[in-house]
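A.B. asks:
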Amino acid sequence: MDSRQQEMPIPDDIRRRAETLREQINYHSHLYYELNQNEISDGAFDEMMRELRSLEELWPQIRTEDSPTVRVGGRPDRTFREVRHRVPMLSLQDVFSEADLRLFVRRMQGEIENPAFVVEQKIDGLSVSLRYENGLFVQALTRGDGSVGEDVTHNVRMIQAVPAVLAEKISELEIRGEVFMSFEAFNAVNEQQEINGGKQFANPRNCAAGTLRQLNPSVVAERGLSLYVFNIQSVSGHVFVSHAESLQWLEKQGFAVIPDFQVCHAEDDVWEAIESIGSKRFSLPYGIDGAVVKLDQLEDRERLGSTSKVPRWAVAYKYPPEQKETKLIDISVQVGRTGRLTPMAILEPVLIAGTTVSRATLHNQDFIDQLDVRIGDRVLIQKAGDIIPAVISVDKNARGQSVPRFRLPDHCPVCHAPTERDPDGADVRCTGVDCPAQLSRRLIYFASKEAMNIDGLGPATVEQLMEAGYLVHLTDLYTLHQHRDELINSGLIGKEKTVDKLLDAIDRSRENPLERLITGFGIRNIGRQAARSLVRVFKDIDQLAAADIESLTAIPDIGPVSAEAVVTFFRQDQTVDVLEKLRIAGVNLSAGSDGRMLPLAGKTFVLTGQLPNWTREEAREMIESAGGKVAGSVSRKTSYVVAGEAAGSKLSQAQSLSVPILDEDGLRALLIQGD
């Protein structure tokens with residue numbers, strides 16, 4: 149741009165557009181880098197970034213110091229210690245076409261005599277730096293904002309691909325790699341999330357990033373993260389001429405480096421290497437989001453240097469997502485283990501991203517309404533991140549006359565119980581207590597410590613008993629003893645001692661307090677505390693089943709939404725049948741003679757520190773059984789703080805608010821004598 153344009157006033161629409169783009173890019177960067185979420189495709193994000201960069205190049209006056217075009221990544225997560233990188237972790241300049249890629253190669257050839265290039269897969273994961281001292285692994289940092297990262301050393305130690313000790317005792321080594329999750333590991337994590345009723349991850353990259361930020365390193369070990377190393381940031385005692393040479397040396401030290409990298413010299417060779425990676429990307433066991441082209445000679449890199457954000461000697465080529473048009477033949481509805489109804493598009497088979505696609509998720513009713521997709525439509529299919537098939541648009545001009553809109557059913561397609569929409573979300577769920585689609589998840593929760601506390605009935609045992617046909621309904625638990633000899637002889641869940649231990653635990657659960665049974669039903673918004681509130685008012689399950697919304701909302705802890713969920717649950721035929729079978733099995737359905745005033749009723753407690761003889765959970769159990777509540781934070785409404793050894797800030801807060809403080813003996817006395 150010439151000086152005359154620099155002096156021209158900036159048009160208002162240009163200024164507003166730039167401000168809008170910055171706001172949108174910052175919002176989506178926050179989701180992606182800090183919350184491990186994404187609402188738009190990578191392509192849409194890249195397009196916004198390209199537009200903003202173009203505007204700032206045409207009108208330099210509108211560029212701000214904190215513009216996303218001059219920043220890298222996101223801010224560090226505040227749950228981890230922040231550490232400044234010794235070598236900045238820069239991002240790469242993206243190119244999106246063959247022409248732009250060739251332009252980069254020619255520019256390098258114009259500045260460097262006979263340059264060599266390395267072409268690598270660009271792994272879709274989370275970038276980290278690893279530091280070794282005297283051959284020992286000492287620290288791992290995420291990229292963060294490129295200058296300051298998060299210390300995730302304890303979690304990275306759990307990744308099997310990271311050697312704890314190098315083959316050589318190098319005094320100092322800092323390398324850069326990509327933490328990622330294979331498709332196999334990703335599917336296993338999401339399957340377990342479904343069983344546990346947790347939120348599923350959208351893609352392997354988000355799952356890897358979320359896992360690396362877990363505060364419990366054992367979770368990292370369980371989820372099977374992987375890591376490929378792709379660069380030496382700094383090293384003492386070794387001098388390398390080329391990048392390829394350094395990667396070969398890193399392999400000898402025990403690292404897994406980016407596989408199948410190629411060294412190229414001619415422009416056409418570079419493009420052929422990119423096409424080769426592109427042809428294989430759909431058959432790889434992990435996701436890639438492009439290919440990286442970088443100068444091979446380290447001296448050449450040093451000569452060209454970097455901008456504040458990107459090196460001048462490398463670019464990342466982004467493959468365009470493959471899209472195909474096909475016909476939507478039907479919409480089926482699947483019921484997941486959490487009861488969530490998921491509409492699935494049944495498609496005329498079409499080859500896309502290396503696989504034949506005949507089904508694609510339609511997510512939920514809101515997504516269907518937004519697209520206005522209907523059975524018989526011509527639809528455009530794309531694999532989101534080249535992984536998950538998705539319907540992205542509809543050709544409404546090709547639609548026939550009078551095609552009705554699609555609505556998710558108001559009754560479960562599996563068990564025919566009523567469905568209901570989450571009050572604070574877009575999901576529709578089956579409410580049936582004995583829905584076969586949800587059986588494993590309901591059994592696991594029913595047997596949990598929070599509910600019926602059936603020791604030995606964990607996820608693996610539930611799955612084995614279901615697969616063998618012993619558990620078809622929730623109430624089959626209480627007829628399992630009839631199959632004792634078969635279970636022992638088959639060894640399905642263990643030997644005689646294991647089988648008898650489980651059957652004894654199931655038998656003991658018949659005598660559980662009614663509140664545990666109500667909790668075990670998994671009624672929406674009815675946890676253990678709400679269940680206790682219910683049994684203080686209703687003396688048995690029959691009274692509770694006959695309660696109306698007005699009488700329920702008069703109870704503390706029971707709001708209108710919870711009351712509606714209780715009424716809906718007990719009015720179902722499935723629930724009536726389950727209660728009758730539990731009655732026949734001898735399961736306690738009465739609140740007993742506990743109409744007396746509980747000693748801690750109306751009191752709120754906060755627990756802090758380690759008690760001498762009780763675990764935190766045991767103390768909570770006794771307080772709640774005596775009618776009290778346990779809160780997570782101290783306020784003026786707190787009745788008592790129970791403090792043990794190494795009590796934290798909650799003790800100081802209690803003292804500043806003059807909240808009474810108890811030790812274990814004081815709590816024990818209160819449980820016996822009351823307030």
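To get the numbering used here, take the position in the sequence shown, counting from 1, and add 148.
The beta-carbon is built from N, C-alpha and C at its ideal position, and this holds for glycine as well.
With Gly426 as the anchor, note down where its alpha helix (DSSP H) starts and where it stops.
C.D. replies: Here residue 426 is taken as the residue at index 278 of the sequence shown, counted from 1. Here the alpha helix (DSSP H) through Gly426 covers Glu415 to Lys428.
A.B. asks: Name the one or two DSSP bridge partners that Cys412 has.
C.D. replies: For the purposes of this step, residue 412 is identified with residue 264 of the sequence shown, where counting begins at 1. BP columns for Cys412 point to Phe265.
A.B. asks: Suppose contacts are defined by Cβ-Cβ distances below 8 Å. Is Gly297 in contact with Arg305 by that definition?
C.D. replies: What you label residue 297 is simply residue 149 of the sequence shown in a count that begins at 1. What you label residue 305 is simply residue 157 of the sequence shown in a count that begins at 1. No, they are not a contact pair.
A.B. asks: Label Asn761 either buried or exposed according to how many other C-beta atoms from any shown protein chain fall within 10 Å of its C-beta, with 16 as the threshold for buried.
C.D. replies: Numbered from 1 along the sequence shown, position 613 holds the residue referred to as residue 761. By the 10 Å Cβ count, Asn761 comes out exposed.
A.B. asks: Output the distance between the C-alpha atoms of Ala694 and Pro561, rounded to the nearest integer angstrom.
C.D. replies: Walking along the sequence shown from the start, residue 694 turns up at place 546. Walking along the sequence shown from the start, residue 561 turns up at place 413. When rounded, the distance between both Cα atoms is 27 Å.
A.B. asks: Just checking my contact of Ser277 with Glu322 at CB under 8 Å: how many whole Å lie between their CB atoms?
C.D. replies: Within the sequence shown, the letter at position 129 stands for residue 277. Within the sequence shown, the letter at position 174 stands for residue 322. Contact flag correct, Cβ pair sits at about 6 Å.
A.B. asks: Can you tell me which of the three DSSP states Thr763 falls into?
C.D. replies: Here residue 763 refers to the residue found at position 615 of the sequence shown. Of the three classes helix, strand and coil, the one that applies to Thr763 here is coil, per DSSP.
A.B. asks: In terms of alpha-carbon separation, which member of Lys597, Asp437, Gln396 and Ser177 lies closest to Pro469?
C.D. replies: Taking the sequence shown and counting its residues from 1, the one referred to as residue 469 is at position 321. Per the Cα distances, Asp437.
A.B. asks: Going along the chain, which residues of its own chain have a beta-carbon closer than 6 Å to the beta-carbon of Ala653, five neighbours each way excluded?
C.D. replies: For the purposes of this step, residue 653 is taken as the residue at position 505 of the sequence shown. Around Ala653: Ile602, Asp603 and Gly604.
A.B. asks: Can you tell me whether Asp95 is buried or exposed? The criterion is at least 16 other CB atoms within 10 Å of its CB, across all chains shown.
C.D. replies: Not covered by the structure: residue 95. The range shown for the chain is 149 to 823.
A.B. asks: If we require 4 or more residues per run, which alpha helix (DSSP H) segments fall completely within the stretch 646-729?
C.D. replies: Segments of the alpha helix (DSSP H) lying fully in the stretch 646-729: 662-668, 676-683, 689-693, 697-701 and 708-718.
A.B. asks: Just tell me which of Gly358, Met256, Asp705 and Phe554 has its CA closest to the CA of Ile516.
C.D. replies: Counting from 1 along the sequence shown, the entry for residue 516 is found at position 368. Among Gly358, Met256, Asp705 and Phe554, the Cα nearest to that of Ile516 is on Phe554.
A.B. asks: Drop a sphere of 10 angstroms on the beta-carbon of Pro208, count the other beta-carbons inside from all chains shown, and report buried for 16 or more, exposed for fewer.
C.D. replies: Within the sequence shown, numbered from 1, the residue matching residue 208 stands at position 60. Exposed, since its Cβ has fewer than 16 Cβ neighbours within 10 Å.
A.B. asks: With a CB to CB cut of under 8 Å and the five nearest residues on each side skipped, what residues in its chain are close to Asp525?
C.D. replies: Counting from one through the sequence shown, the residue named residue 525 turns up at place 377. Once the five neighbours on either side are set aside, the close Cβ partners of Asp525 are Lys475, Leu476, Val542, Asp543, Lys544, Ala546, Arg547 and Val551.
A.B. asks: Does the Cβ of Thr455 have 16 or more other Cβ atoms within 10 Å, making it buried, or fewer, making it exposed?
C.D. replies: Start at 1 with the first residue of the sequence shown, and residue 455 comes out as number 307. When all chains shown are included, Thr455 counts as exposed.
A.B. asks: Are the beta-carbon atoms of Ser384 and Arg324 separated by less than 8 Å?
C.D. replies: Locating residue 384 in the sequence shown gives position 236, where the first residue counts as 1. Locating residue 324 in the sequence shown gives position 176, where the first residue counts as 1. Result no, Cβ atoms of Ser384 and Arg324 do not sit closer than 8 Å.
A.B. asks: Have a look at Arg589 and Thr486 and give me their C-alpha separation to the nearest angstrom.
C.D. replies: The residue you call residue 589 lines up with position 441 of the sequence shown. The residue you call residue 486 lines up with position 338 of the sequence shown. Taking the straight line joining both Cα atoms gives about 7 Å.
A.B. asks: For the alpha helix (DSSP H) holding Met256, just list the boundary residues, first then last.
C.D. replies: Locating residue 256 in the sequence shown gives position 108, where the first residue counts as 1. Segment Glu246 to Glu259, the alpha helix (DSSP H) holding Met256.
A.B. asks: Considering only residues of the same chain and omitting the five flanking positions on each side of Leu805, which have a CB-CB separation below 8 Å?
C.D. replies: Residue numbering aside, residue 805 sits at position 657 when the sequence shown is read from its first letter. Closer than 8 Å at the Cβ level, and outside the excluded window around Leu805, lie Val782, Ser783, Arg784 and Thr786.
A.B. asks: Who are Glu322's beta bridge partners in DSSP?
C.D. replies: Numbered from 1 along the sequence shown, position 174 holds the residue referred to as residue 322. According to DSSP, which records beta bridges pairwise, Glu322 is partnered with Arg279 and Ser382.
A.B. asks: Suppose only complete runs of 3+ residues qualify. What are the beta strand (DSSP E) ranges in the stretch 574-615, listed by chain order?
C.D. replies: DSSP runs (the beta strand (DSSP E)) wholly in the stretch 574-615: 576-578.
A.B. asks: In three-state terms, what does DSSP make of Leu284?
C.D. replies: On the sequence shown, residue 284 is found 136 positions in, with the first residue counted as 1. The answer is strand: DSSP assigns Leu284 an E or B state.
A.B. asks: Beta-carbon within less than 6 Å of Gly743's beta-carbon, same chain only, minus the 5 sequence neighbours each way: which residues are those?
C.D. replies: Along the sequence shown, one-based indexing puts residue 743 at 595. Note on Gly743: pLDDT 39, under 50, position unreliable in the model; no value is reported.
A.B. asks: Just confirm the distance between the C-beta atoms of Gln722 and Cys563, as a whole number of angstroms; I'd bet it's less than 8 Å.
C.D. replies: On the sequence shown, residue 722 is found 574 positions in, with the first residue counted as 1. On the sequence shown, residue 563 is found 415 positions in, with the first residue counted as 1. Right, the Cβ-Cβ distance comes to about 7 Å (below 8 Å), so this counts as a contact.
A.B. asks: Would Ile100 and Leu737 be called neighbours here (beta carbons separated by less than 8 Å)?
C.D. replies: Outside the displayed span of the chain (149 to 823) sits residue 100, for which this structure offers no information.
A.B. asks: DSSP puts Ala791 in a beta bridge; with which residues?
C.D. replies: In the sequence shown, counting from the first residue as 1, residue 791 sits at position 643. Looking at the DSSP assignment, Ala791 forms a beta bridge with Thr756.
A.B. asks: Mind checking Arg226: buried by the 16 CB within 10 Å criterion, or exposed?
C.D. replies: To locate residue 226, count along the sequence shown from 1; it is residue 78. Only weak support is given to the placement of Arg226: the predicted model assigns it a pLDDT of 48, under 50, and the value that follows is read from those uncertain coordinates. With fewer than 16 Cβ atoms within 10 Å of its Cβ, Arg226 is classed as exposed.
A.B. asks: Is DSSP giving Thr168 helix, strand or coil here?
C.D. replies: Taking the sequence shown and counting its residues from 1, one reaches residue 168 at position 20. Residue state, collapsed to three classes: helix.
A.B. asks: By a C-beta neighbour count over all protein chains shown, 10 Å radius and 16 as the cutoff for buried, is Arg229 buried or exposed?
C.D. replies: Within the sequence shown, the letter at position 81 stands for residue 229. The residue in question, Arg229, is exposed, as its Cβ has fewer than 16 Cβ neighbours within 10 Å.
A.B. asks: Indicate the three-state DSSP secondary structure (helix, strand or coil) for Ala315 in the structure shown.
C.D. replies: Taking the sequence shown and counting its residues from 1, the one referred to as residue 315 is at position 167. Reduced to three states, the DSSP call for Ala315 is coil.
A.B. asks: Thinking C-beta only, is Glu598 closer than 8 Å to Arg676?
C.D. replies: One-based indexing of the sequence shown puts residue 676 at position 528. One-based indexing of the sequence shown puts residue 598 at position 450. A contact, by the Cβ cut-off of 8 Å.
A.B. asks: For a test of the three-state rule: what should DSSP assign to Tyr465, helix, strand or coil?
C.D. replies: The residue given as residue 465 occupies position 317 in the sequence shown. It is a strand residue.
A.B. asks: Sorted by chain position, which residues of the same chain lie with C-beta nearer than 8 Å to Ser424's C-beta, five sequence neighbours on each side aside?
C.D. replies: Here residue 424 refers to the residue found at position 276 of the sequence shown. The answer, listed in chain order, is Gln410.
A.B. asks: Could you tell me the distance, in whole angstroms, from the CA atom of Arg488 to the CA atom of Cys578?
C.D. replies: Stepping through the sequence shown from its first residue, residue 488 is reached at position 340. Stepping through the sequence shown from its first residue, residue 578 is reached at position 430. Looking at the two C-alpha atoms, the distance is approximately 7 Å.
A.B. asks: Could you tell me the boundaries of the alpha helix (DSSP H) in which Asp448 lies?
C.D. replies: Numbered from its first residue, the sequence shown carries residue 448 at position 300. Looking at the DSSP string, the run of the alpha helix (DSSP H) that includes Asp448 is Leu446 to Leu452.
A.B. asks: Using DSSP's beta-bridge definition, name the partner residues of Glu473.
C.D. replies: Start at 1 with the first residue of the sequence shown, and residue 473 comes out as number 325. In DSSP, Glu473 forms a bridge with Leu528.
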